[in-house]
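Residue 127 in the UniProt record's numbering sits at position 127 of the sequence shown, and the numbers go up by one each step.
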Amino acid sequence: MKIMDTIGFLELNSIAKGIEVVDYMLKAADAKLIMARASCPGKYYIMICGQVAAIERSMEVGVELGGRYVVGELVIPRINPSVIQAINIGRVPENIRAVGVLEYYSATGSIIAADFAVKAADVELLAIQLGTGIAGKSFVVLTGDVAAVKAAVEAGAAGAHDQAMLINKIVLSNPRQELIDSLIQ
């Protein structure tokens, strides 16, 4: 899968400030808006992509303007595009052999963990849920064979360790289809 340029993700705990910040971020440099939306509990998520220098400049402006409302930020060069595709857009591949889940207190944790996981093992992201309706928590759901899922979950947890608080992580072998369907709705 082709690697994108760079993404920037900013998490704020004010919706109004988030709306203001995204406008300034987009005006600061040549960045493409991937997502800007309100979420639970009163957070605002902004995701942009582009060349490294442009994303760094936009993020610098966003963090400065966001000030005390910024609760999470990250810049990931060469992000795997499946991370972007999996954010709140789930899909079910055939023949699921194992499922791994990483749960975080912030959206930034799940994005970082998902990128580390897909780069570490032959797994496919099913979904990344960013805080909507789950009190600001987030989680990553991935699949592959059991060994790959175990390796990806460990790599994701280790990769996000310094930047986000992990709540829990699990690996299930041969999950029931009803469970899979419920995870990606």
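Glycine residues also receive a C-beta, built at the ideal position from the N, C-alpha and C atoms.
Would you mind sorting ASN80 into buried or exposed? The rule is 16 or more other CB atoms within 10 Å of its CB.
-> For this step, residue 80 is matched to residue 80 along the sequence shown. Classification of ASN80: buried, given that the 10 Å Cβ count is 16 or more.
Who are the Cβ neighbours of ALA28 in its own chain at under 7 Å, not counting the five residues just before and after it?
-> As a first step, residue 28 must be located in the sequence shown, where it is residue number 28. Excluding sequence positions up to five before and after ALA28, its CB lies within less than 7 Å of the CB of ARG57, SER58, VAL61, all in the same chain and listed in chain order.
Give a yes or no on whether the C-beta atoms belonging to VAL140 and SER173 are separated by under 8 Å.
-> For this step, residue 140 is matched to residue 140 along the sequence shown. For this step, residue 173 is matched to residue 173 along the sequence shown. Not closer than 8 Å, so no.
Contact belief for ALA164 with SER82 at Cβ below 8 Å, rounded distance in angstroms | For the purposes of this step, residue 164 is taken as residue 164 along the sequence shown, with counting starting at 1. For the purposes of this step, residue 82 is taken as residue 82 along the sequence shown, with counting starting at 1. At roughly 19 Å, the Cβ-Cβ gap does not stay under 8 Å, so ALA164 and SER82 are not in contact.
Hey, is the segment 116-129 in contact with the segment 140-156, meaning 3+ C-beta pairs nearer than 8 Å?
-> Contact between the segment 116-129 and the segment 140-156 is present, because at least three Cβ pairs lie under 8 Å.
DSSP beta-bridge partners of ASN168 | Your numbering for residue 168 matches position 168 in the sequence shown. In the DSSP secondary-structure assignment, ASN168 is bridged to GLU103.
Unbroken beta strand (DSSP E) runs of length 3 or more, entirely within the segment 32-84: which are they?
-> Annotation: the segment 32-84 contains the following complete segments of the beta strand (DSSP E) (minimum length 3 residues), in chain order: 32-39, 43-50, 70-77.
What three-state label does DSSP hand ILE111 in the structure shown?
-> The sequence position of residue 111 within the sequence shown is 111, counting from 1. Helix at ILE111.
Does DSSP put GLU94 in a helix, a strand or coil?
-> Looking up residue 94 in the sequence shown gives position 94. Under the three-state reduction of DSSP output, GLU94 falls in the coil class, being neither helix nor strand.
Ordered along the chain, which non-local residues of its own chain (more than five positions away) have a Cβ less than 6 Å from that of ILE46?
-> Counting from 1 along the sequence shown, the entry for residue 46 is found at position 46. Hits under 6 Å: LEU10, VAL22, ALA36.
Member of LYS43, LEU33, ILE34, THR6 whose CA lies at the smallest distance from the CA of GLY18 = Taking the sequence shown and counting its residues from 1, one reaches residue 18 at position 18. Out of LYS43, LEU33, ILE34, THR6, LYS43 has the C-alpha closest to the C-alpha of GLY18.
So the alpha helix (DSSP H) ILE15 belongs to, where does it begin and stop?
-> For the purposes of this step, residue 15 is taken as the residue at position 15 of the sequence shown. In the DSSP assignment, ILE15 falls within the alpha helix (DSSP H) that extends over 15-28.
Straight-line Cα distance separating GLU154 from LEU166 = The sequence position of residue 166 within the sequence shown is 166, counting from 1. The sequence position of residue 154 within the sequence shown is 154, counting from 1. Spanning the two alpha carbons is a distance of roughly 11 Å.
How long is the line joining the alpha carbons of ALA53 and ALA158, rounded to whole angstroms?
-> For the purposes of this step, residue 53 is taken as the residue at position 53 of the sequence shown. For the purposes of this step, residue 158 is taken as the residue at position 158 of the sequence shown. Going from the Cα of ALA53 to the Cα of ALA158 covers about 27 Å.
Where ILE7 and VAL63 are concerned, what is the direct C-alpha to C-alpha distance, given to the nearest angstrom?
-> The residue labelled residue 7 in the question sits at position 7 within the sequence shown. The residue labelled residue 63 in the question sits at position 63 within the sequence shown. Going by the C-alpha atoms only, they are around 15 Å apart.
Report all residues from its chain with a CB closer than 8 Å to the CB of GLN85; omit the five preceding and five following residues, and keep chain order.
-> Position 85 of the sequence shown, counted from the start, is the residue given in the question as residue 85. Only LEU125 meet the Cβ criterion.
Taking 8 Å as the cut-off, decide whether the C-beta atoms of ILE48 and LYS32 are in contact.
-> What you label residue 48 is simply residue 48 of the sequence shown in a count that begins at 1. What you label residue 32 is simply residue 32 of the sequence shown in a count that begins at 1. For ILE48 and LYS32, yes; Cβs fall inside 8 Å.
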